[in-house]
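In the numbering used here, the protein residues as written are 995 to 1455.
Here is the structure we will look at, set down as structure tokens.
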């Protein structure tokens, strides 16, 4: 209170700020998350021997360099070193040695420290305050997920265009082989599903910020955590398949895919490690479900197993919903004490929830499209069918193990996926080319030579 400032200190190397973008060479101002302590006795002039009360993490604006780029006093920074990608960002590690931060430089939307040193917060507990404090990460997760999906779009456009023109063993383009189609078209369908899901999340966030809906806020938390994880994992797998589907050409930096892969690989762990984010999804689901509902979910799974026809489009939503509830029932039976021991089930339950929600959003988008343009609605319906079938096929072992579908029906799912691959490819790959163009990526961002005329590039090599 006497100095009207905070003492910002890094007590150990483990407490240093690591991997801070833009800090190693050029950054001047940082928003620093730090644990806040305030004196219990406001009239105690001897702060060295005062008792302190923990208030949880808060954010402080801290100057780390002056306008000439010189480090501020008591600030130490080093470069994190060379990385596997994203070399244009100078990531750094920062230590603070009792840096004085003016009281007014604490961001005080959620809590305030008054001139007399007294602390006030609208939240009753540190956990609640922390939850509100990190809520700003939601927008970051949305943007990271969207960037991952956009990366998939570019990779798929390049790979599909190349596959439509590249011939092998005669006059047959490689895009006409089922093995090629299976690597690209389910990924294309999932990219559409994720794009629609992120559009829905974006509109939901706008509504939450402008109104009150508590249930919407919970859904924003679940979807922002889950879709960030799902989209970035999807990018990792999709770009690898796109790279391989372009053969050696995909390894060339000029053809975009490899460079995007390395520069964006960090997205699976920043703004939240994906595995941890998926746990957040399930914790939120279990926390928002009443004991009565949880008991009902468990009772459903204790009864006789339901038999689905996995090739019946009217049952796809029911199948995804059933799997989600079956996995949640496993967690309910295990009890909260066994959560850590069941983390494999936790991740599967999170994935099941996200797939079910994405299918619902996709089906709603198909219905809206059909009401405006029958041809567009029909095309989207085919992509939606591929997404749903791919989800069911990926988890056939679950349905078979729980006797929720028959082995013969399960075998038919793979056949149905192959049929959809042929349908989404179309004559001379026209359907696949049109669907990849439907991503809407401006042509100036598709710079890969093999996406234009691979033979001309081959001649230059």
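All C-beta atoms, glycine included, are put in the ideal place defined by N, C-alpha and C.
{"Check": "Roughly how many angstroms lie between the CA atoms of residue 1411 and residue 1028, to the nearest whole one?", "Outcome": "51 Å"}
{"Check": "Pull up the DSSP beta-bridge partners for residue 1100, would you.", "Outcome": "1054"}
{"Check": "When DSSP builds the beta bridges, which residues end up paired with residue 1047?", "Outcome": "1032"}
{"Check": "Just verifying my parser: in three-state terms, what is the DSSP assignment at residue 1205?", "Outcome": "In this predicted model, residue 1205 has a pLDDT of only 47, less than 50, meaning its place in the structure is not dependable; the value taken from the coordinates is given anyway. In the structure shown, residue 1205 sits in coil (DSSP, three-state: anything other than H, G, I, E or B)."}
{"Check": "Going by beta carbon distance, what residues of the same chain come within less than 6 Å of residue 1468, once the five residues before and after it are set aside?", "Outcome": "This structure gives no information on residue 1468, because the portion of the chain shown stretches from 995 to 1455."}
{"Check": "For residue 1106, which residues from the same chain have a beta carbon less than 6 Å from its beta carbon, with the 5 sequence-adjacent residues on both sides left out?", "Outcome": "1114"}
{"Check": "Starting from residue 1107, trace the beta strand (DSSP E) in both directions and tell me its first and last residue.", "Outcome": "1105-1107"}
{"Check": "Could you tell me the distance, in whole angstroms, from the CA atom of residue 1196 to the CA atom of residue 1128?", "Outcome": "18 Å"}
{"Check": "In the DSSP assignment, find the beta strand (DSSP E) that holds residue 1277 and state where it starts and stops.", "Outcome": "Segment 1268-1282 is the alpha helix (DSSP H) holding residue 1277; no beta strand (DSSP E) there."}
{"Check": "Find out if the Cβ-Cβ distance for the pair residue 1139, residue 1032 is shorter than 8 Å.", "Outcome": "no"}
{"Check": "What is the residue span of the beta strand (DSSP E) that residue 1069 lies within?", "Outcome": "1069-1073"}
{"Check": "Looking only at its own chain, which residues have a Cβ that is under 7 Å from the Cβ of residue 1057, when we skip the five neighbours before and after it?", "Outcome": "1022, 1023, 1066"}
{"Check": "Please determine if the stretch 1314-1321 and the stretch 1238-1256 are in contact, where contact requires at least 3 C-beta pairs separated by less than 8 Å.", "Outcome": "no"}
{"Check": "From which residue to which residue does the beta strand (DSSP E) around residue 1014 run?", "Outcome": "1011-1014"}
{"Check": "Report yes if the CB atom of residue 1249 is closer than 8 Å to the CB atom of residue 1435, and no otherwise.", "Outcome": "no"}
{"Check": "Can you look up residue 1167 in the DSSP assignment and give me helix, strand or coil?", "Outcome": "strand"}
{"Check": "Once the 5 residues before and after residue 1019 are set aside, which same chain residues still bring their CB inside 6 Å of it?", "Outcome": "1084"}
{"Check": "Just checking, does the stretch 1257-1272 make contact with the stretch 1362-1370 on the three C-beta pairs under 8 Å criterion?", "Outcome": "no"}
{"Check": "When the distance is taken between beta carbons, is residue 1406 closer than 8 Å to residue 1305?", "Outcome": "yes"}
{"Check": "Am I right that residue 1051 and residue 1124 are in contact with their C-beta atoms under 8 Å? What's the rounded C-beta distance?", "Outcome": "6 Å"}
{"Check": "Tell me, to the nearest whole angstrom, how far the beta carbon of residue 1090 is from that of residue 1002; I am working on the premise that it is less than 8 Å.", "Outcome": "5 Å"}
{"Check": "What's the gap between the Cα of residue 1377 and the Cα of residue 1183?", "Outcome": "5 Å"}
{"Check": "What's the C-alpha gap between residue 1061 and residue 1017?", "Outcome": "14 Å"}
{"Check": "Mark residue 1340 as exposed unless 16 or more other C-beta atoms lie within 10 angstroms of its C-beta, in which case mark it buried.", "Outcome": "buried"}
{"Check": "For residue 1399, write down the residues that DSSP places opposite it in a beta bridge.", "Outcome": "1302"}
{"Check": "If contacts are defined as beta-carbon pairs under 8 Å, then residue 1355 and residue 1198 qualify, I think. What distance do you get, rounded to the angstrom?", "Outcome": "Residue 1355 to residue 1198, Cβ: 10 Å. No contact."}
{"Check": "From residue 1332 to residue 1413, what does the alpha carbon distance come to, in whole angstroms?", "Outcome": "42 Å"}
{"Check": "Checking 8 Å against the spacing of the C-beta atoms, do residue 1415 and residue 1176 come in under that value?", "Outcome": "yes"}
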